[in-house]
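For reference, the structure discussed in these notes is given below.
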Amino acid sequence: MDFRSLIQRLTKLRLPGFSATSSKSARWKALEPPTSDHLLVGGLMLTSFLLRLWIASKQELFQDEALYFFIGQRLPWTFSPHPPGTPLLAYLGSVLLGRHEFAIRFMNLVFLTATIPLIFMLGRELGSLRIARWATIAFVLTPFYFAIGTICTPDAPQLFFWALAMYWLWRATNSKSRPSFIAAGVALGLGLYFKYILILVLPSYALFLLLSGKWKQALRDRDLWSFLAIAALLFLPFALWSEAREGWPALRYHLQDRQTFVLPTLNNIGEYLGVHLLYYSPLLYLAAVAGALYCGWVGLRNANRKWLFLSSFFVVPWLFFLLIAAFTRRILSREQWDAPAYIAGLIAAAILFDRVLSALPPSPIRRRVQELGIAAVALGGLLIAGAAAESVAELPSHLLGRPPFFSSMAGWRTMARAADRHLEEEMATGASPYLLGNSFLPVLQYAFYGKYSPKLFTLNHSQNRKYGLTHFLDRAGLSARHLASVGQAPALFVAESDDFDETSQRLIELEQKLKNHFAEVTPLPPAEERDGNRILKQFLFFRCRGLLTSPNRTASPPSGNATP
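Given below as structure tokens:
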């Protein structure tokens with residue numbers, strides 16, 4: 012069979028799946044997959060959850076998690092720099108399970124696990140049971156999706172609510188069901204409390220209506236407007252009130268501070284796409300892109316609404332963030348931003364794989380295609396296994412003779428114990444010392460790992476601005492301008508250092524910096540996190556007395572920084 016004949020057969024095959032005109036009994040049966048599929052989905056959920064829980068209990072918090080935990084404790088309803096959903100989940104986990112790393116991450120594990128059956132349901136609705144199985148297995152074995160289910164970030168809840176909104180929007184479109192539109196509105200409204208990216212559900216659905224030729228009819232559909240109204244009512248009143256009250260800091264950060272226009276370069280685009288190959292595994296990523304483009308092409312030719320729906324929910328977030336990556340300067344990693352696109356992408360990849368197999372007669376070529384599909388999924392599983400081995404035992408890095416891959420998440424307990432000892436020395440003299448960090452990171456990590464509850468402050472470091480935390484730190488009473496409130500109390504200053512060969516020079520620089528604000532600055536023994544003979548992290552400490560001036564001093568701190 013030549014290539015032209017294969018393409019002709021691919022575009023003429025009927026779409027497997029459930030008919031939009033099936034009876035109520037048939038639709039009810041569609042909601043109840045066979046027992047074997049229950050076992051498949053349940054087994055994937057349980058296995059994935061237990062493995063991720065094991066990994067989540069092994070790693071210390073990374074900077075975003077320490078931030079979310081602190082926000083959840085002190086200012087849980089702030090929208091700057093991110094919506095309040097993730098900090099609330101981190102705080103809820105600590106309330107339910109105690110002050111442990113896995114507790115902070117627990118609710119994210121739950122959300123990612125709950126997304127697995129949604130992928131199966133979407134695959135079944137938009138394809139067939141066979142496609143649903145392939146897509147679900149691919150989702151579970153996608154490295155990035157697995158990883159975000161082991162840490163506390165907005166990404167796992169975002170995926171859950173994106174998939175939930177997709178599912179109910181398709182059900183609403185397919186059955187003209189008002190309850191389904193209402194459920195979709197609830198999913199979108201709640202999802203926006205975790206990540207603003209969920210707003211792209213709206214242009215994705217609008218593109219689908221445009222491509223399917225149903226947009227004029229949709230504009231007259233009261234149920235569609237109820238979907239929009241419910242989503243808006245759930246999110247906008249509180250979000251707008253909170254942002255307006257604080258001077259729109261989240262809006263300024265995401266639309267102004269975080270975006271610097273640059274002309275596209277091959278290196279910029281190549282780096283963005285190249286990281287995706289690692290995040291999603293090379294074969295799965297390429298299959299998702301190819302599958303979505305195939306569904307869009309064939310969907311337009313055959314007026315196939317299911318495939319147009321899938322393609323629309325891939326193209327909008329995928330293209331949107333590709334353009335942002337091309338035309339803005341790289342400040343933070345952004346390869347995770349388009350993660351929702353690959354929910355549709357993996358289902359589309361399963362459809363393409365199924366169509367290719369259906370179009371090929373039994374032959375060596377067909378077997379090779381089957382092997383390629385299995386290899387794509389297996390490669391993702393292999394990357395997950397490697398990451399798990401690194402998280403638990405640092406095996407891959409030891410075999411390669413290099414520092415641990417996740418060393419940025421190590422050392423914070425060591426830092427906190429050293430800080431506790433220095434604080435105890437001050438408290439033994441009857442003083443009430445406070446902790447001053449060179450940036451937000453060490454003080455927020457101490458807030459989680461530390462033994463005591465001193466007042467916390469951070470100098471005006473570039474990291475604070477880079478992560479959009481200037482407003483939050485000021486509102487929480489942690490910014491340097493609030494140092495005047497502690498009077499002449501002694502300070503313990505801490506800074507993280509990764510330039511181990513220039514420690515002496517770094518100490519001199521920090522000492523000179525601190526002498527601009529304190530009459531007496533004394534270096535203390537540094538703390539080191541080691542991996543055998545290799546230094547992974549170094550924490551530099553100074554005892555500071557006699558505050559001379561408070562940087563940017565303009566106000567007294569709010570009560571948010573009071574000792575709990």
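Here the working numbering is used: position 305 in the sequence shown is 316, and no number is missing along the way. The beta carbon of each residue, even a glycine, is placed where N, CA and C say it ideally should be. Being a predicted model, the structure only gives us computed values, none of them experimental.
Within 10 Å of its beta-carbon, does D608 have 16 or more other beta-carbons around it, so buried, or fewer, so exposed? Beyond the ends of the chain as shown, which are 12 and 575, falls residue 608; an answer cannot be given.
Answer yes or no: do F553 and A429 have a C-beta to C-beta separation smaller than 8 Å? Here the question's residue 553 lines up with position 542 in the sequence shown. Here the question's residue 429 lines up with position 418 in the sequence shown. Contact: no.
Identified DSSP bridge partners for F60: Counting from 1 along the sequence shown, the entry for residue 60 is found at position 49. DSSP output for F60 lists no bridge partner at all.
Please list the terminal residues of the continuous alpha helix (DSSP H) segment that includes P98. By 1-based counting over the sequence shown, the position of residue 98 is 87. Element bounds for P98: 96–108.
Can you have a look at A530 and say buried or exposed, based on whether 16 or more other CB atoms are within 10 angstroms of its CB? In the sequence shown, counting from the first residue as 1, residue 530 sits at position 519. Exposed: under 16 other Cβ atoms inside 10 Å.
Let's test the definition: count the other Cβ atoms within 10 Å of the Cβ of F504 and tell me whether it reaches 16, buried, or not, exposed. Residue mapping note: residue 504 aligns to position 493 of the sequence shown, counting from 1. Under this definition F504 is a buried residue.
Identity of the residues DSSP links to D542 by a beta bridge: Taking the first residue of the sequence shown as position 1, residue 542 is located at position 531. Residue pairing from DSSP places D542 in a beta bridge opposite R545.
Residues near G397 by beta carbon distance below 6 Å, same chain, minus five either side: Here residue 397 refers to the residue found at position 386 when the sequence shown is read from its first residue. Taken in chain order, the residues that qualify are P407.
On the premise that Y291 lies in contact with Y353, defined as a C-beta separation below 8 Å, what is that separation, rounded to the nearest angstrom? Indexing the sequence shown from 1 puts residue 353 at position 342. Indexing the sequence shown from 1 puts residue 291 at position 280. Yes, they are in contact, since the Cβ atoms of Y353 and Y291 sit about 6 Å apart, within 8 Å.
Check whether L558 and L494 have beta carbons under 8 Å apart: Within the sequence shown, residue 558 is the residue found at index 547, counting from 1. Within the sequence shown, residue 494 is the residue found at index 483, counting from 1. Yes, these two residues count as a Cβ contact at 8 Å.
Member of L410, I395, T97, H111 whose CA lies at the smallest distance from the CA of F150: Sequence index remark: in the sequence shown, residue 150 carries index 139 (1-based). Taking only the C-alpha atoms, the option nearest F150 is I395.
CB-CB under 7 Å to A146, same chain, minus the five flanking residues each way: which ones, in chain order? Position 135 of the sequence shown, counting from 1, holds the residue named residue 146. Taking C-beta separations shorter than 7 Å and ignoring five residues to either side along the sequence, the partners of A146 in its chain run I130, G134, L357, I358, A361, following chain order.
Among the candidates F60, S68, E76, W88, whose CA atom is the shortest distance from the CA of F483? Counted from its first residue, the sequence shown places residue 483 at position 472. Distance check between F483 and each of F60, S68, E76, W88 places W88 closest, using alpha-carbon atoms only.
Which value, in whole angstroms, describes the spacing of the CA atoms of L284 and A243? Position 273 of the sequence shown, counted from the start, is the residue given in the question as residue 284. Position 232 of the sequence shown, counted from the start, is the residue given in the question as residue 243. Rounded to whole angstroms, the separation of the alpha carbons of A243 and L284 is 33 Å.
How is V505 classed by DSSP in three states: helix, strand or coil? Here residue 505 is taken as the residue at index 494 of the sequence shown, counted from 1. Here V505 sits in strand by DSSP.
Determine whether the beta carbon atoms of F122 and A167 lie at a separation below 8 Å. On the sequence shown, residue 122 is found 111 positions in, with the first residue counted as 1. On the sequence shown, residue 167 is found 156 positions in, with the first residue counted as 1. F122 is a Cβ neighbour of A167, given a cutoff of 8 Å.
In three-state DSSP terms, what is S490? Position 479 of the sequence shown, counting from 1, holds the residue named residue 490. Note: S490 maps to strand in three-state DSSP.
Roughly how many angstroms lie between the CA atoms of T164 and E435, to the nearest whole one? Translated into positions along the sequence shown, residue 164 becomes position 153. Translated into positions along the sequence shown, residue 435 becomes position 424. For T164 and E435, the distance between alpha carbons rounds to 34 Å.
Mind checking who L446 pairs with in its DSSP beta bridge? The sequence position of residue 446 within the sequence shown is 435, counting from 1. DSSP links L446 through a beta bridge to L467, L503.
In terms of residue numbering, what span does the alpha helix (DSSP H) encompassing N279 cover? Numbered from 1 along the sequence shown, position 268 holds the residue referred to as residue 279. Bounds of the alpha helix (DSSP H) holding N279 are 277–290.
With DSSP run on the structure shown, which of helix, strand or coil describes C163? Translated into the one-based positions of the sequence shown, residue 163 becomes position 152. Here DSSP, grouped into helix, strand and coil, assigns C163 to coil.
Helix, strand or coil: how does DSSP classify G53 here? Taking the first residue of the sequence shown as position 1, residue 53 is located at position 42. In the three-state DSSP reduction, G53 falls in the helix class (H, G or I).
Per the DSSP calculation, R556 is bridged to which residue(s)? Numbered from its first residue, the sequence shown carries residue 556 at position 545. DSSP lists E531 as partners of R556.
In its own chain, which residues sit with a C-beta less than 7 Å from the C-beta of L42, not counting the 5 before and 5 after it? Here the question's residue 42 lines up with position 31 in the sequence shown. Any reading at L42 needs caution, since the residue's pLDDT is 49, under 50, leaving its predicted position unreliable; the model's value is listed next. Nothing listed; no residue qualifies.
Where does the unbroken alpha helix (DSSP H) through T271 begin, and where does it stop? Within the sequence shown, residue 271 is the residue found at index 260, counting from 1. No residue range can be given for T271, since it is assigned to no alpha helix (DSSP H) and is classified by DSSP as neither H nor E.
Among the residues of its own chain, which have a CB less than 6 Å from the CB of L211, if the five just before and after it don't count? As a position in the sequence shown, residue 211 is number 200, starting the count at 1. Excluding positions up to five away in sequence, the list reads V327, P328.
Rounded C-beta distance between P537 and F550? I'm assuming under 8 Å. As a position in the sequence shown, residue 537 is number 526, starting the count at 1. As a position in the sequence shown, residue 550 is number 539, starting the count at 1. In this structure P537 touches F550 by the C-beta definition: roughly 6 Å separates them, less than 8 Å.
Using a 10 Å radius around the Cβ and a threshold of 16 neighbouring Cβ atoms, would you call P375 buried or exposed? For this step, residue 375 is matched to residue 364 along the sequence shown. Its Cβ having fewer than 16 others within 10 Å, P375 is exposed.
If we count the other Cβ atoms within 10 Å of its Cβ and call it buried at 16 or more, is L107 buried or exposed? One-based indexing of the sequence shown puts residue 107 at position 96. Here L107 is exposed: its Cβ has fewer than 16 other Cβ atoms, across all protein chains shown, within 10 Å.
Let's see if you can read the secondary structure: which residues bound the alpha helix (DSSP H) around A495? Residue 495 sits at position 484 when you count from the first residue of the sequence shown. First-last for A495: undefined, no H or E at that position.
Using a Cβ-Cβ distance under 8 Å, would A400 count as near chain C? Here chain C cannot be found, since the structure has a single protein chain.
Check whether the stretch 103–119 touches the stretch 69–80, counting contact only when three or more Cβ pairs, one atom from each stretch, lie closer than 8 Å. Yes, the stretch 103–119 touches the stretch 69–80.
In the structure shown, what three-state DSSP assignment does A86 receive? Here residue 86 refers to the residue found at position 75 of the sequence shown. Reading off the sequence shown, one finds Leu at residue 86, where the question assumed Ala. Note: L86 maps to coil in three-state DSSP.
Going by DSSP, what residues sit across from L411 in a beta bridge? On the sequence shown, residue 411 is found 400 positions in, with the first residue counted as 1. Looking at the DSSP assignment, L411 forms no beta bridge with any residue, so it has no partner.
What would DSSP say about L598, mapped onto helix, strand or coil? This structure leaves residue 598 out entirely; the chain is present only between 12 and 575.
Starting from A421 and walking both ways along the alpha helix (DSSP H), at which residues does that stretch end? As a position in the sequence shown, residue 421 is number 410, starting the count at 1. Segment: none, A421 is in no alpha helix (DSSP H) and carries neither H nor E.
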